[in-house]
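Student:
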Amino acid sequence: MAESIFPADFLWGGALAANQAEGAYLEGGKGLTTVDMIPHGKDRLAVKLGQEKRFALRDDEFYPSHQAIDFYHRYKEDIALMAEMGFTVLRTSIAWSRIFPNGDEQQPNAQGIAFYRDVFNECKKHGIEPLVTLCHFDVPMHLVREYGSWRNRKMVEFFAHYARTCFEAFDGLVKYWLTFNEINILLHSPFSGAGLVFEKDDNQEQVKYQAAHHELIASAWATKIAHEVNPANQVGCMLAGGNFYPWSCKPQDVWAALEKDRENLFFIDVQARGAYPSYTRRLFKEKGIAIAMEPGDAEILKNTVDFVSFSYYASRCASAEMNEQNTNAANIVKSLKNPHIQASEWGWGIDPLGLRITMNMMYDRYQKPLFLVENGLGAKDEINAQGEINDDYRISYLREHISAMAEAIEDGIPVMGYTSWGCIDLVSASTGEMSKRYGFVYVDRDDRGNGTLARTRKKSFWWYKKVIASNGADLE
Ligand code: BG6
219 MAESIFPADF
229 LWGGALAANQ
239 AEGAYLEGGK
249 GLTTVDMIPH
259 GKDRLAVKLG
269 QEKRFALRDD
279 EFYPSHQAID
289 FYHRYKEDIA
299 LMAEMGFTVL
309 RTSIAWSRIF
319 PNGDEQQPNA
329 QGIAFYRDVF
339 NECKKHGIEP
349 LVTLCHFDVP
359 MHLVREYGSW
369 RNRKMVEFFA
379 HYARTCFEAF
389 DGLVKYWLTF
399 NEINILLHSP
409 FSGAGLVFEK
419 DDNQEQVKYQ
429 AAHHELIASA
439 WATKIAHEVN
449 PANQVGCMLA
459 GGNFYPWSCK
469 PQDVWAALEK
479 DRENLFFIDV
489 QARGAYPSYT
499 RRLFKEKGIA
509 IAMEPGDAEI
519 LKNTVDFVSF
529 SYYASRCASA
539 EMNEQNTNAA
549 NIVKSLKNPH
559 IQASEWGWGI
569 DPLGLRITMN
579 MMYDRYQKPL
589 FLVENGLGAK
599 DEINAQGEIN
609 DDYRISYLRE
619 HISAMAEAIE
629 DGIPVMGYTS
639 WGCIDLVSAS
649 TGEMSKRYGF
659 VYVDRDDRGN
669 GTLARTRKKS
679 FWWYKKVIAS
689 NGADLE
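Reminder that position 380 of the sequence shown reads as 598 in my numbering, one-by-one numbering, no gaps.
(1) Can you tell me which residues form a DSSP beta bridge with M456?
(2) Considering only the alpha carbon of each residue, which of M634, R673 and G630 lies closest to D643?
(3) For E504, which of helix, strand or coil comes out of DSSP?
(4) Where do the N-terminal and C-terminal ends of the alpha helix (DSSP H) with E386 fall, by residue?
(5) Since A647 and Q238 should fall inside the 8 Å C-beta cutoff, what is the C-beta to C-beta distance between them, to a whole number of angstroms?
(6) State buried or exposed for L244, treating a residue as buried only when at least 16 other CB atoms are found within 10 Å of its CB.
(7) Considering only heavy atoms of the ligand BG6, does any lie closer than 7 Å to the CB of A597?
(8) Residue range of the beta strand (DSSP E) that K552 falls in?
(9) So what does I642 bridge to, in DSSP terms?
(10) In chain order, what residues of the same chain lie with their CB nearer than 8 Å to the CB of E625, ignoring the 5 residues before and after it?
(11) Whether or not the segment 314-328 and the segment 343-361 are in contact is what I'm after, with contact meaning three or more pairs of Cβ atoms, one per stretch, closer than 8 Å; do they touch?
(12) With the cut-off set at 8 Å, would you say T351 and M456 are in Cβ contact?
(13) Any heavy atom of the ligand BG6 closer than 7 Å to the CB of W314?
(14) What does a CB cutoff of less than 8 Å around I631 pick up in its chain, not counting 5 residues either side in sequence?
(15) Confirm, please, whether the CB-CB distance from S283 to V659 is below 8 Å.
(16) Would the beta-carbon of N399 be found less than 7 Å away from any heavy atom of the ligand BG6?
(17) Would you check if the distance between the CB atom of W395 and the CB atom of V307 is smaller than 8 Å?
(18) In the DSSP output, what is W230 paired with across the bridge?
(19) Is F280 buried or exposed, if buried means 16 or more other CB atoms sit within 10 Å of its CB?
(20) Classify N541 as buried or exposed, calling it buried when 16 or more other Cβ atoms lie within 10 Å of its own Cβ.
(21) According to DSSP, what are the bridge partners of P464?
(22) Please give me, in chain order, every unbroken run of the beta strand (DSSP E) with length at least 3 that falls completely inside the segment 323-374.
(23) Closest by CA to G304, which one among L250, S688, A691 and K683?
(24) Tell me the residue span of the beta strand (DSSP E) that contains Y394.
(25) Is it the case that the CB of E240 approaches a heavy atom of the ligand BG6 more closely than 7 Å?
(26) Pick helix, strand or coil for S311, following the three-state DSSP scheme.
(27) Given 7 Å as the limit, tell me if W681 has its C-beta closer than that to any heavy atom belonging to the ligand BG6.
(28) I need the boundaries of the beta strand (DSSP E) containing A548, first residue and last residue.
(29) Quick test of your reading: V211 and D389, contact by CB under 8 Å. State the CB separation rounded to the nearest angstrom.
(30) Which residues does DSSP pair with A691 in a beta bridge?
(31) Give the straight-line distance between the Cα atoms of I601 and I607, rounded to the nearest whole angstrom.
(32) Is I331 near A381, with beta carbons less than 8 Å apart?
(33) Under the rule that 16 or more other beta-carbon atoms within 10 Å means buried, what is G640, buried or exposed?
(34) Going along the chain, which residues of its own chain have a beta-carbon closer than 8 Å to the beta-carbon of K393, five neighbours each way excluded?
(35) Identify whether R276 lies in helix, strand or coil by the three-state DSSP scheme.
(36) 8 Å is my cut-off, CB to CB: does A226 come that close to chain B?
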């Protein structure tokens, strides 16, 4: 076996999120959140995009998040499984509406605090460091209905209060924090990303970038608070990553790819460098956007993150001729289909070298430690007659990507850790399916919510255990 090139304190683990795992959507005093309103089925996309207003639940729809995989009641069993694989980090999120059911209260919900304290204590008991996202695709519905969600500047205060409450309540238990999951997804899936619903006469670009400004201020402010509460806290931003390749070496295609990259990196440019990048002046002018800023905003933005985290599923591809017809969405961001790479059953490209390329670009640009907090293959799994799940396709995907990450480390990039997505099967964010599985642990539940919820170790479970035990040296 080759020697490990991963640092001795490299954090190995997996990721999940409250909105796709916990279920128990009205238990423990929790309020409704955006994800609770997103149905499975034909209307899902329109609701996620903020094109169809869903402010009330309907009897004729199925909502996969309501029960999800019941992590809320089974977290002890699930964390024990992660510990058995040797996890040293578990990424999860706090559901904002468990802490503040409406989002605008002064006093937090004690049951919500107690729940997460138990979860984080359980991690600690097993020697697992929690990595916690404050907002992963769930905004309390009361804030959406009453304030228009992130359109409204008031959200900054609500979020800062929520963040402070969490930093104080979980001080000593959590030191790695992320503010907003895949913050750039706000542009591509505005309701699921940021609780935005559009009205008929909206300049949608204006609404989205104003909301982005509010999130960026909230994120920088939360970063400042985290450091005040405990200087040992480390806060990261989180990008839905994956570079755009130019379709050809035609200069117009190269320019198109650069512009598409900037669209996503804009957020991280602000969070990691502390100011709006120079290209936004022209971008906003051309899109007819005027951002309302308050005195002091430029100062707040200077509270930059400690590290840059990102998800990577696939690279993307752009040309000057790309349009609605010739693109499809992998991880929500529209891309041309790259003929040089394979794709998953859901059409998401498979490009391990693209991970190395993305990591090199990000480190060149930000010069901050990176943390790969989502990566994985969504695939259908089958249980054979012996009750086994032989997910060699998943092992092969992960092996290739971990190797690419190792190359990036060899390239000189400081990488804090790796948390593969959906370490236990959970609800798909894009489709609401359970059958799009990412886990090392299988959960008995189907797309309509049937099943016992029993957990079964897959072949990849044993493989990943070996990977962790060898600190990434043994990928066979
Ligand atoms: C990221 C999200 O977009 O990708 C996760 O942060 C999501 O919430 C993951 O689940 C995989 O996407 P999907 O659509 O396959 O669940």
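Idealized CB from N, CA, C, for every residue including glycine.
Just so you know, these numbers come straight off a predicted model, no measurement behind them.
Tutor: Reading off the structure:
(1) According to DSSP, M456 bridges with S527.
(2) The shortest Cα separation from D643 among M634, R673 and G630 belongs to R673.
(3) In the structure shown, E504 sits in a helix (DSSP, three-state: H, G or I).
(4) Start and end: K372 to A387.
(5) About 6 Å; that satisfies the 8 Å criterion.
(6) Burial state of L244 is exposed, judged by a 10 Å Cβ sphere holding fewer than 16 other Cβ atoms.
(7) No; taking the cut-off as 7 Å, the Cβ of A597 has no heavy atom of the ligand BG6 nearer than that.
(8) K552 -> beta strand (DSSP E) spans V551 to S553.
(9) Answer by DSSP bridge pairing, in chain order: V659.
(10) Within the same chain, and ignoring the five residues on either side of E625 in sequence, the residues whose Cβ sits closer than 8 Å to its Cβ are R574.
(11) Touching, yes, given that three or more Cβ pairs across the two stretches are closer than 8 Å.
(12) Contact: yes.
(13) It does not: the Cβ of W314 is nowhere closer than 7 Å to a heavy atom of the ligand BG6.
(14) The beta carbon of I631 sits closer than 8 Å to the beta carbons of M577, N578, Y581 and L588 from its chain, once the five residues preceding and following it are set aside; these are given in chain order.
(15) No, the Cβ-Cβ distance between V659 and S283 is not below 8 Å.
(16) If you check the C-beta of N399 against the ligand BG6, you find a heavy atom less than 7 Å away.
(17) No, the pair does not count as a contact, with Cβ atoms beyond the cut-off.
(18) BP columns for W230 point to Y636.
(19) With fewer than 16 Cβ atoms within 10 Å of its Cβ, F280 is classed as exposed.
(20) Its Cβ having fewer than 16 others within 10 Å, N541 is exposed.
(21) According to DSSP, P464 bridges with A536.
(22) Counting whole runs of 3 or more residues, the segment 323-374 contains the beta strand (DSSP E) stretches 347-353.
(23) Nearest to G304 by C-alpha distance, out of L250, S688, A691 and K683, is K683.
(24) Per DSSP, Y394 belongs to the beta strand (DSSP E) from Y394 to F398.
(25) The nearest non-hydrogen atom of the ligand BG6 is 7 Å or more from the C-beta of E240.
(26) Reduced to three states, the DSSP call for S311 is strand.
(27) Taking 7 Å as the cut-off, one finds no heavy atom of the ligand BG6 near enough to the beta carbon of W681.
(28) That run of the beta strand (DSSP E) goes N546 to A548.
(29) What the structure shows of the chain is the stretch from 219 to 694, and residue 211 is not part of that stretch, so it cannot be assessed.
(30) Under DSSP, A691 shares a beta bridge with no residue.
(31) Between I601 and I607, the C-alpha separation is close to 5 Å.
(32) Not in contact: I331 and A381 (Cβ atoms no closer than 8 Å).
(33) Label assigned to G640: buried.
(34) Listed in chain order, the non-local C-beta contacts of K393 below 8 Å within the same chain comprise E347, N448, A450, N451 and Q452, local neighbours out to five positions each way being set aside.
(35) R276: coil per DSSP, three-state reduction.
(36) Included in the structure is just one protein chain, with no chain B present.
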